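K.L.:
I have a structure here, written as structure tokens, and I will follow up with some questions on it.
Residue numbers (the working numbering): 279 to 687.
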């Protein structure tokens with residue numbers, strides 16, 4: 279075995295000095311190993327320490343190979359790392375616990391462990407030393423400090439501290455894979471559920487607002503000879519999507535309900551439109567300020583023949599904002615059969631003149647009428663090879679008749 283090999287099967291048991299011996303040894307070292315210079319209360323113990331250390335005296339310092347010094351330091355380092363903890367046998371542990379519970383009186387211990395408890399008491403009696411009040415306080419303080427250090431060590435094992443030299447938390451690959459799996463589950467299952475619940479809430483809020491708006495339409499019709507709301511003459515062939523200019527804006531016709539206080543702005547604000555106008559109309563306000571603030575498209579009143587409130591057959595008055603007009607305003611091609619963006623393209627809520635609010639999964643009614651387009655434009659789209667992409671409207675189209683639903687803007 280080489281000089282630097284670790285010792286095999288070494289049982290290294292630490293032996294610490296008692297407080298008085300430690301203080302005496304420190305005083306002896308400070309006195310340059312001259313017992314006469316050690317304080318009187320420690321001199322007797324210091325002389326004993328000096329006598330023990332004198333056994334190490336070997337005359338003049340020999341000349342040694344430096345490798346022996348290195349080997350010694352290596353062995354000391356190994357010894358400090360390889361301390362072996364020796365546990366008691368289970369019966370000895372029981373006897374010691376019984377001895378402590380009996381106030382260190384073996385006679386009071388159960389008969390089954392009394393003999394072992396007596397041996398424990400004999401061993402412990404050799405530790406009896408007389409302590410001054412100062413030494414006792416020092417021992418108590420050191421003991422409490424050791425207990426606290428052990429508690430903090432246990433808590434530190436439960437923390438995830440950043441790795442040394444890194445500012446981010448250190449994860450194992452297994453942890454990262456677990457987190458990724460949870461995210462996948464959330465995106466595949468939880469997120470659609472949350473979106474579905476949010477969508478249902480938006481639909482319910484939308485339906486409630488349209489039902490309240492119906493009362494405003496009905497009251498307006500009673501006051502204005504069964505007509506639908508108008509803000510200007512709204513002549514057929516005129517521009518109707520110049521938002522902010524009442525004489526050229528069909529949205530201004532719908533805004534009349536708010537301006538004349540037949541409805542509240544919240545009634546015409548779909549929960550699915552984050553940009554919807556929900557404020558109180560200012561004095562003299564005639565129209566919404568921009569298309570994004572408008573939540574619903576209204577039956578186009580720029581027509582040669584307008585539908586009457588008392589029309590025998592129910593007709594569509596209002597629906598979620600037309601995706602066609604939204605793209606026309608941006609000068610884009612559009613899909614004539616697309617659903618409203620208010621409900622993420624799933625469909626649109628539609629207010630009918632009989633007071634019902636229905637959910638349409640397509641803009642085409644049972645009669646084949648596309649509520650986003652006038653009849654002439656519907657005929658043109660029907661001839662296209664790709665009916666999901668059509669050229670923009672020009673903004674002056676009119677419904678073909680009373681029963682041609684054409685909602686704008």
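Built from N, CA and C at the ideal position, the CB exists for glycine as well.
Keep in mind the model is a prediction, meaning the values are calculated, not measured.
In the DSSP output, what is residue 637 paired with across the bridge?
P.N.:
Paired residues: 627.
K.L.:
Would you kindly work out how many angstroms separate the C-alpha atoms of residue 413 and residue 386, rounded to a whole number?
P.N.:
Rounded to the nearest angstrom, the two C-alpha atoms are 31 Å apart.
K.L.:
Do the segment 496-511 and the segment 644-664 touch if we need at least three Cβ pairs shorter than 8 Å?
P.N.:
The segment 496-511, when compared against the segment 644-664, does not touch it at the 8 Å Cβ threshold.
K.L.:
Report the rounded CA-to-CA distance for residue 559 versus residue 543, giving the unit in angstroms.
P.N.:
Distance between the alpha carbons of residue 559 and residue 543 is about 8 Å.
K.L.:
Nearest-angstrom Cα distance between residue 284 and residue 318?
P.N.:
Low per-residue confidence applies at residue 284: pLDDT is 49, beneath 50, and the placement is therefore not dependable enough to give any value.
K.L.:
Compare the C-alpha of residue 512 against each of 321, 674, 329 and 613 and name the closest.
P.N.:
The option with the nearest alpha carbon to residue 512 is 674.
K.L.:
Do you know how far the Cα of residue 603 is from the Cα of residue 641?
P.N.:
Rounded to whole angstroms, residue 641 to residue 603 spans 13 Å at the Cα level.
K.L.:
Look at residue 370 and residue 392 and say whether their C-beta atoms are less than 8 Å apart.
P.N.:
No, they are not a contact pair.
K.L.:
Between which two residues does the beta strand (DSSP E) holding residue 597 run?
P.N.:
It spans 594-598 - the beta strand (DSSP E) in which residue 597 sits, taken as one unbroken run.
K.L.:
What are the boundary residues of the beta strand (DSSP E) that includes residue 575?
P.N.:
Unbroken beta strand (DSSP E) run through residue 575: 574-577.
K.L.:
Report buried or exposed for residue 588, applying the criterion of at least 16 other Cβ atoms within 10 angstroms of its Cβ.
P.N.:
With fewer than 16 Cβ atoms within 10 Å of its Cβ, residue 588 is classed as exposed.
K.L.:
Could you give the DSSP three-state label for residue 306: helix, strand or coil?
P.N.:
Residue 306 falls in the helix class under three-state DSSP.
K.L.:
Does the beta-carbon of residue 324 have 16 or more other beta-carbons within 10 angstroms, so that it is buried, or is it exposed?
P.N.:
So residue 324 counts as buried.
K.L.:
Less than 8 Å between the beta carbons of residue 676 and residue 593, yes or no?
P.N.:
Contact: no.
K.L.:
Quick check: what's the CA-CA separation for residue 488 versus residue 515?
P.N.:
One C-alpha to the other measures close to 29 Å.
K.L.:
Quick one: what's got a C-beta closer than 7 Å to residue 582's C-beta in the same chain, skipping five residues either side?
P.N.:
514 and 676, listed in sequence order.
K.L.:
As a quick exercise: from 632, 367 and 568, pick the residue whose alpha carbon is nearest that of residue 520.
P.N.:
Ranking the options by Cα distance to residue 520, first place goes to 568.
K.L.:
Does the beta-carbon of residue 679 have 16 or more other beta-carbons within 10 angstroms, so that it is buried, or is it exposed?
P.N.:
Classification of residue 679: exposed, given that the 10 Å Cβ count is below 16.
K.L.:
Would you list the residues sitting across from residue 497 in a DSSP beta bridge?
P.N.:
None, per the DSSP bridge assignment.
K.L.:
Looking at residue 562 and residue 621, is the spacing between their C-beta atoms short of 8 Å?
P.N.:
No.
K.L.:
If we ignore side chains and look at the alpha-carbon of each, how far apart do residue 517 and residue 528 end up?
P.N.:
Residue 517 and residue 528: Cα-Cα distance of roughly 9 Å.
K.L.:
So is residue 591 buried or exposed if we call it buried at 16+ other beta carbons inside 10 Å?
P.N.:
Its Cβ having fewer than 16 others within 10 Å, residue 591 is exposed.
K.L.:
Give the range of the alpha helix (DSSP H) segment to which residue 534 is assigned.
P.N.:
Taken as a continuous stretch (DSSP letters only), the alpha helix (DSSP H) holding residue 534 covers 528-537.
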